[in-house]
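Here's the structure we're looking at; comments come further down.
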Amino acid sequence: MLFSRGTPGTRSKLWARVCQYLKSDEQKQQCINQDPGLRGESMPGDGFEEISAIQLGESSET
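Okay, here's the thing in structure tokens:
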């Protein structure tokens, strides 16, 4: 896989970063990773790391 930025990746990386989040059937049909056997096992670093939510809005400063 050639991504628009960074080093070449794998089908499992594409799945972990993009395809698994597609919502509509039309979007899912455009993903080349429909067959789990072809994309392979997800590897560490394929997906994005979960981070804690941040609070946006009013400041506590007065």
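Going left to right, the sequence shown walks through residues 113 to 174 as this note's numbering numbers them.
Glycine included, each C-beta is placed from N, C-alpha and C at the ideal position.
It should be emphasised that the depicted structure is a prediction, and the values quoted were computed from it without experimental measurement.
Query                                                                                                                                  : Result
How is the alpha helix (DSSP H) around K125 delimited, first residue to last?                                                          : R123 to R129
Near D158, what residues of its chain come up, given a Cβ to Cβ distance below 6 Å and the 5 sequence neighbours on each side ignored? : S124, K125 and A128
Cα-Cα, which of Q141, Y133 and P148 is closest to T122?                                                                                : P148
Where does R151 fall in DSSP's three states?                                                                                           : helix
Apart from the five residues on each side of it in sequence, which residues of its chain come closer than 6 Å, Cβ to Cβ, to S154?      : S124 and A128
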